[in-house]
Every structure is written in C-alpha cells, then in structure tokens.
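Residues 0 to 385 in numbering that gives the first Met the number 0 are what the sequence shown spells out, letter by letter. Ideal placement from N, C-alpha and C gives every residue a C-beta, glycine not left out. This report refers to the structure that appears directly beneath it.
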Amino acid sequence: MRARARNYSEIRDSVRALCAQFPASYWRDLDRERAYPKAFVEALTGAGFLAALIPEEVGGSGLPLSAAAAILEEVQAAGCNGAACHAQMYMMGTLLRHGNEAQKKKYLPQIASGKTRLQAFGVTEPASGTDTLNIATTAKRDGDRYLVNGQKIWTSRAEHSDLMLLLARTTPKEQVKKRSEGLSVFLVDMREAVGKGLVIRPIRTMMNHATTEIFIENLSVPAENLIGEEGHGFRYILSGMNAERILIAAECIGDAKWFIDKASGYANERSVFSRPIGQNQGVQFPIARAYAQMRAAELMVTEAASRYERGEDCGEEANLAKLLAADASWAAADMCVQTHGGFGFAEEYDIERKFRETRLYQVAPVSTNLILSFLAEHVLGLPRSY
Ligand SMILES: Cc1cc2nc3c(=O)[nH]c(=O)nc-3n(C[C@H](O)[C@H](O)[C@H](O)COP(=O)(O)OP(=O)(O)OC[C@H]3O[C@@H](n4cnc5c(N)ncnc54)[C@H](O)[C@@H]3O)c2cc1C
C-alpha cells in the first residue's frame, strides 16, 4: 500500500515493533483454544499503551484520543487483536470524568501501571438487549452498601479484569420522570465479588473474544464505589460513547488495512493462467474499491477525533466514523477472502480468523441499525422509530 505521512509515527513504530513479537501463529494457537492473549495484553500494558489516555499526574501518558486511535489501528493492522484489552482505554474515561477524587487517586495510578485491570463493562442484559434503559439489574442502598441483583450478558473480558463498570437501576422506572434517570454506575471489584454473589460463565463465540455472562445475586458493593451521583449513571455511560465509537472505528481501519495489504500482496504473487491474478481487473478493482472505502472512513475517524479533542459536539461524526469504518473493514474482509480463492478459507492464511473477528463490529459495541436510527432522528430530524 502507498506510504503516507502518518501522525504519531514514533508511537506507531513502537506499536508495530511490539506487535511483531506476536506473530500470526500466536493468534492462531489462541484462536484454536479460545484462550486469552495474556502475554500480548501484558506487553501492551507494560509499554504503557493502554494508559495512553490516563493523565500524566496519575501515571498515564496524557495523550489525546487520536493517539489512542493510532495505537489501536496499528494493533489491528499488524494482525493482532485489540479486543482483548481496548475497553480499558475508553472505560477509564467514566472514572476520570465522573469519579470522585478518592476513587481517582485510588484506582487510576493502579490502572495506569497495569497493577489493576479495568476491562469489564457490564451494560448489556439478555432481555433488554439494545434497549439499555430497560435493564432489569437493580442496586438497592442498604446502609453503607448497595445490594445488587440481576444478570448481564456479553460482558467481555470479565474473567481477565480486576474491576467491572456496572450499570444498574437504583430507582424503579415507574418512579422516575424519564427512563434515562434512576440508573447508576458502580465500580465492582471482581476479586472480591466472584463467588460472593457474582458468577461468571464464559460464552463461546465464532471468534476468540473472552466474552461471558454474569449472574448477580445479592452482591454487596460498598457505597463508596458508586461513580458520581446516584441516578445519573446513564449520562456518564453516554458521555464515554463517542470515544468508544471513535476507537473502535480506528480498529476497523486497522483491520481494513490488514486485509488490503494481504490481498494486494497475494494478487501480485499468485499466478494463474501464467499471469498474476492481480493483473485481472476483476481482481484488482475490488481491492482498489476496498482501499477507497477505507480511506474515506479513515478521514471520518480523523474528523471525529479532532472534534472530540477540541471539545466540540462529535456525536454525528463519531457515529459516522463507526458506521463507515465497520463497513469498510467488513467489505475489505470479504474482498480479501475472494482474492485468495480457496486459501482465504485456510486457517494458516489468517484471513478467515480476521474475517470472523471484524464481523463483530457490525453488531457491537453498537449495531449498525442503531447508528442509522441516531443519524435519522438526531441529524436528519426524522421521527423517532423506537
Ligand atoms: C462478542 C460480543 C462482545 C460484547 N461485549 C460487550 C461488553 O463488553 N459489554 C456490554 O455491555 N455489551 C457487550 N456486547 C453487547 C453488544 O453491545 C450488543 O450485542 C449489541 O449492542 C446488540 O444488542 P443485542 O445483542 O441485545 O441485540 P438486540 O437488541 O436483541 O437486537 C437484535 C438485532 O435487532 C436490531 N434492532 C433492535 N432494535 C432495533 C430498532 N429499534 N431498530 C432497528 N433495529 C433494531 C439490532 O440492531 C440487532 O441487529 C457484546 C456483544 C458481543 C456479541
């Protein structure tokens, strides 16, 4: 692929050097076992990359969102998988923006140093699904503690995290003016909770994602672990969603670049009918189209991150970036399989693995339909559909 002037070239070089220590065979073996990439996550943490967004005064690098985006993009472009740890980057924002001084002082330095992992985000529930305001998990105040009951699903990395950000209803729906009120966010210490009201069950999925379901019964959470004010949790979660969308979009750009590089390389090398397959326009045009789609999405990711960093409203751009980048990575994945013919399906080429991994971003952390609904309603002024 044509070399371009890149931002954060030193960071990108360092990420690439780190990723080179985790070759395709490492990911292939883990994929087969559905095992967690512990060594990779430890290396990223040790190098300080997961603490990119944590302020310097509490031990992080204090870098802007675009730097974190560059890190995750490079991880994906190198054929690695940031899904094993990306949540820490955007989840700690809830603690940073809405946590009190004592919480920030206690947790942020530990998260920055890697001593404590904040990787689990307990929002989605089996019955409510996308309708987050309808969650059934409750937290009831009982003296200096809350008693939590309910169930979460798709709580990724729960088995590999020390802390979980948990969304629960603290005031019943019937007693609030708006459904978005009465929800609260808690920091749950998994080390204390597992076996004492919290059970984690892994869910096997089509890709290696360390996702789980969580059963919560009379779990006691200290009141001091409530983030911000009781009842305002949904707003705190929402405030982190633009960053989440931009970072996931950057990962999709990285995936798209990996597929495009892989396809270009193969189309040049593979000779059929005594000429490289890439000489056929039927093979080279889809690669060129995937490249165009990726570049357009990349510009939107850059635009969204710039607006975010300037403190401007970036809801539209963050959603557009996620939508376009997820579409670009999925289109590139499909093109890459096609370019490789039968070998696109062979494990040893890694394409089928990356294909399965990148498919997720049409659904999580927000599904394409919900982004389209947001654009239709909030940008185009169309009637609310749900
Ligand atoms: C591997 C994986 C990891 C995940 N990790 C986490 C995590 O760490 N933490 C967490 O909290 N969640 C996580 N999720 C959950 C993820 O965010 C949800 O799966 C996603 O938001 C969709 O919700 P749902 O699965 O309940 O689908 P549903 O809400 O049941 O929707 C099913 C389909 O219907 C569509 N749909 C629903 N309502 C509408 C509507 N009004 N208009 C148009 N279309 C609609 C949806 O777009 C979707 O395609 C993860 C999911 C997966 C698969």
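Classification of I10 by the beta-carbon crowding that lies within 10 angstroms, buried from 16 upward: Locating residue 10 in the sequence shown gives position 11, where the first residue counts as 1. By the neighbour-count rule (16 or more Cβ atoms within 10 Å), I10 is buried.
Extent of the continuous alpha helix (DSSP H) to which D326 belongs: On the sequence shown, residue 326 is found 327 positions in, with the first residue counted as 1. Per DSSP, D326 belongs to the alpha helix (DSSP H) from 314-339.
Residues near C335 by beta carbon distance below 6 Å, same chain, minus five either side: On the sequence shown, residue 335 is found 336 positions in, with the first residue counted as 1. Counting only Cβ-Cβ distances below 6 Å, and skipping sequence neighbours, we find F258, K261, A262, I350.
7 Å Cβ shell around R1 - same chain, five flanking residues per side excluded: For the purposes of this step, residue 1 is identified with residue 2 of the sequence shown, where counting begins at 1. Interpretation of R1 is limited by its pLDDT of 44, a score under 50 that renders its predicted location unreliable; no figure is taken from the coordinates.
Length-filtered (3 minimum) beta strand (DSSP E) runs lying within the segment 106-145: 117-121, 137-141
Cβ distance (whole Å) where F120 is taken to contact T169 below 8 Å: In the sequence shown, counting from the first residue as 1, residue 120 sits at position 121. In the sequence shown, counting from the first residue as 1, residue 169 sits at position 170. Contact flag wrong, Cβ pair sits at about 18 Å.
Supposed contact pair G92 and E250 - C-beta distance, whole angstroms, cut 8 Å: The residue given as residue 250 occupies position 251 in the sequence shown. The residue given as residue 92 occupies position 93 in the sequence shown. Not quite, the Cβ-Cβ distance comes to about 17 Å (not below 8 Å), so this is no contact.
Sub-8 Å separation of G310 and N241 beta-carbons: Locating residue 310 in the sequence shown gives position 311, counting from the first residue. Locating residue 241 in the sequence shown gives position 242, counting from the first residue. No, the pair does not count as a contact, with Cβ atoms beyond the cut-off.
Cβ-heavy atom distance, Y290 to ligand 1, below 7 Å: Walking along the sequence shown from the start, residue 290 turns up at place 291. No, the Cβ of Y290 stays beyond 7 Å of every heavy atom of ligand 1.
Every unbroken alpha helix (DSSP H) within the segment 218-250, with a cutoff of 4 residues, ordered by chain: Whole alpha helix (DSSP H) segments, 4+ residues: 232-238.
Local Cβ density within 10 Å of R3, reported as buried at 16 or more and exposed below that: Taking the first residue of the sequence shown as 1, we reach residue 3 at position 4. Confidence at R3 is low in this model, with a pLDDT of 46, below 50, so its placement is unreliable and the value that follows should be read with caution. It counts as exposed.
Contact under 8 Å by Cβ, T210 with S366: Locating residue 210 in the sequence shown gives position 211, where the first residue counts as 1. Locating residue 366 in the sequence shown gives position 367, where the first residue counts as 1. Their beta carbons are not under 8 Å apart, which means T210 does not touch S366 by this criterion.
Burial state of S65, where buried means 16 or more other Cβ atoms lie within 10 Å: Taking the first residue of the sequence shown as 1, we reach residue 65 at position 66. Its Cβ being crowded by 16 or more others within 10 Å, S65 is buried.
Cβ-heavy atom distance, Y35 to ligand 1, below 7 Å: On the sequence shown, position 36 is the one that residue 35 refers to. Answer for Y35: no, Cβ out of range of ligand 1.
Cα-Cα separation, L218 to E308: In the sequence shown, the residue the question calls residue 218 occupies position 219. In the sequence shown, the residue the question calls residue 308 occupies position 309. Cα to Cα, L218 sits roughly 38 Å from E308.
8 Å Cβ cutoff met for R116 and S60: To locate residue 116, count along the sequence shown from 1; it is residue 117. To locate residue 60, count along the sequence shown from 1; it is residue 61. Between R116 and S60, the C-beta spacing is not below 8 Å.
Through-space distance from M189 to A291, alpha-carbon basis: Within the sequence shown, residue 291 is the residue found at index 292, counting from 1. Within the sequence shown, residue 189 is the residue found at index 190, counting from 1. Near 44 Å, if we compare the C-alpha coordinates of M189 and A291.
Buried or exposed by the 16-neighbour rule on C-beta atoms within 10 Å, applied to I110: As a first step, residue 110 is located in the sequence shown; it is residue number 111 there, counting from the start. I110 counts as buried, since at least 16 other C-beta atoms from the protein chains shown sit within 10 angstroms of its C-beta.
Outcome for E223 when other beta-carbon atoms lying within 10 angstroms are tallied against a minimum of 16: As a working note, residue 223 is residue 224 in the sequence shown. E223 is exposed by the Cβ-count criterion.
Coarse secondary structure for C18, derived from DSSP in three states: Here residue 18 refers to the residue found at position 19 when the sequence shown is read from its first residue. In the structure shown, C18 falls within a helical segment according to DSSP collapsed to helix, strand and coil.
CA-to-CA distance, G341 to V198, given in whole angstroms: Position 199 of the sequence shown, counting from 1, holds the residue named residue 198. Position 342 of the sequence shown, counting from 1, holds the residue named residue 341. If you draw a straight line from the Cα of V198 to the Cα of G341, it is about 42 Å long.
Supposed close pair L52, L43 - CB separation, criterion 8 Å: Taking the first residue of the sequence shown as 1, we reach residue 52 at position 53. Taking the first residue of the sequence shown as 1, we reach residue 43 at position 44. Going by Cβ atoms, the distance from L52 to L43 rounds to 14 Å, so no, they are not a contact pair.
Integer Cβ distance of A296 from A324, believed to fall under 8 Å: Walking along the sequence shown from the start, residue 296 turns up at place 297. Walking along the sequence shown from the start, residue 324 turns up at place 325. Indeed they touch by this definition, with Cβ atoms about 4 Å apart.
Alpha-carbon spacing of R5 relative to A101, whole angstroms: Position 6 of the sequence shown, counted from the start, is the residue given in the question as residue 5. Position 102 of the sequence shown, counted from the start, is the residue given in the question as residue 101. Because R5 carries a pLDDT of 49, less than 50, the predicted location of this residue cannot be relied on, and no value is offered for it.
Proximity test, F354 beta-carbon vs ligand 1 heavy atom, cut-off 7 Å: By 1-based counting over the sequence shown, the position of residue 354 is 355. Incorrect: F354 has no Cβ contact closer than 7 Å to ligand 1.
Meets three-Cβ-pair contact criterion under 8 Å: the segment 70-79 and the segment 138-154: no
Uninterrupted beta strand (DSSP E) stretches inside the segment 150-195 (no shorter than 3 residues): 162-168, 182-188
Local conformation of F39 per DSSP, three classes: Reading the sequence shown from its first residue, position 40 is the one you call residue 39. F39 falls in the helix class under three-state DSSP.
Straight-line Cα distance separating G45 from Y25: By 1-based counting over the sequence shown, the position of residue 25 is 26. By 1-based counting over the sequence shown, the position of residue 45 is 46. The C-alpha of Y25 lies about 19 Å from the C-alpha of G45.
Ligand 1 heavy atom lying under 7 Å from the CB of G142: For the purposes of this step, residue 142 is taken as the residue at position 143 of the sequence shown. For ligand 1, not one heavy atom lies less than 7 Å from the Cβ of G142.
Inter-residue CB distance, I388 and A304 (contact presumed, cutoff 8 Å): In the structure displayed, the chain extends from 0 to 385; residue 388 sits before or after that span and is not available.
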